[in-house]
Amino acid sequence: MALPGKIAFRHLSIPSSFFRFVLVGILVLLIENFLVWLLLLEWGNYVVVRGIATVIAVILSYVLNTRFSFSSSHSFRRFISYVSGVSLSVIVSYAVSLGVYFMVFAESHPLLSVNIGACVAALTNFLYQNYITYSKEG
Numbered sequence: 016m017a018l019p020g021k022i023a024f025r026h027l028s029i030p031s032s033f034f035r036f037v038l039v040g041i042l043v044l045l046i047e048n049f050l051v052w053l054l055l056l057e058w059g060n061y062v063v064v065r066g067i068a069t070v071i072a073v074i075l076s077y078v079l080n081t082r083f084s085f086s087s088s089h090s091f092r093r094f095i096s097y098v099s100g101v102s103l104s105v106i107v108s109y110a111v112s113l114g115v116y117f118m119v120f121a122e123s124h125p126l127l128s129v130n131i132g133a134c135v136a137a138l139t140n141f142l143y144q145n146y147i148t149y150s151k152e153g
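Structure representation (structure tokens):
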């Protein structure tokens with residue numbers, strides 16, 4: 016039997032907030048890609064465009080996850096915690112993708128390594144946000 020707010024798969028109970036978190040991530044990624052494409056047409060400088068799109072994506076992700084994924088309220092303190100979790104996830108993604116690339120695939124599958132790192136980082140980010148940023152006490 017599933018607990019309220021959870022989706023049960025046999026003996027595994029996954030918070031429904033995880034699925035909403037994934038949906039927000041997919042939506043924000045699509046918007047971020049559109050912004051990069053659009054801004055590149057206007058300015059052409061990838062470094063600047065990527066920076067602008069990333070800032071917008073983090074803010075949009077925070078707003079959507081706060082309301083939709085975690086049904087919580089906005090605050091500056093929560094935003095700082097959210098950005099800290101995103102930053103930790105970037106570091107995890109980088110470290111995992113390098114480790115997988117060099118130690119598992121012997122430098123033969125760079126895109127697969129990036130995607131494995133991104134999946135581990137997404138899970139890390141969800142756990143950080145769920146248990147630290149949006150915890151009952153936070």
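Going by this note's numbering, the sequence shown opens with residue 16, and the numbers climb by one from there.
Backbone N, C-alpha and C define an ideal beta-carbon position, used for all residues, glycine too.
Quantities reported herein were computed from a predicted structural model and do not represent experimental measurements.
- Taking the CA atoms as reference points, T69 sits about 12 angstroms from L45.
- Between V129 and S112, the beta carbon gap of about 5 angstroms places them in contact (Cβ cut-off 8 angstroms).
- Taking the C-beta atoms as reference points, F120 is found no nearer than 7 angstroms to F33.
- The alpha-carbon of A137 is positioned some 14 angstroms away from that of S99.
- Straight-line measurement puts the Cα of E122 at about 35 angstroms from the Cα of Y77.
- Per DSSP, G66 is one residue of the alpha helix (DSSP H) stretching across Y61 to L79.
- Our two residues, E47 and V64, have alpha carbons roughly 10 angstroms apart in a direct line.
- Close CB contacts of S108 within its chain, under the 6 angstroms cut and outside five residues either way in sequence, are with G132, A133 and A136 (chain order).
- Between S96 and the set S150, L79 and W58, the nearest pair of CA atoms involves S150.
- With respect to the C-alpha of I71, the residue from S87, N60, S86 and L54 having the closest C-alpha is L54.
- By the Cβ-count criterion, F36 is buried, with 16 or more other Cβ atoms from all chains shown falling within 10 Å of its own Cβ.
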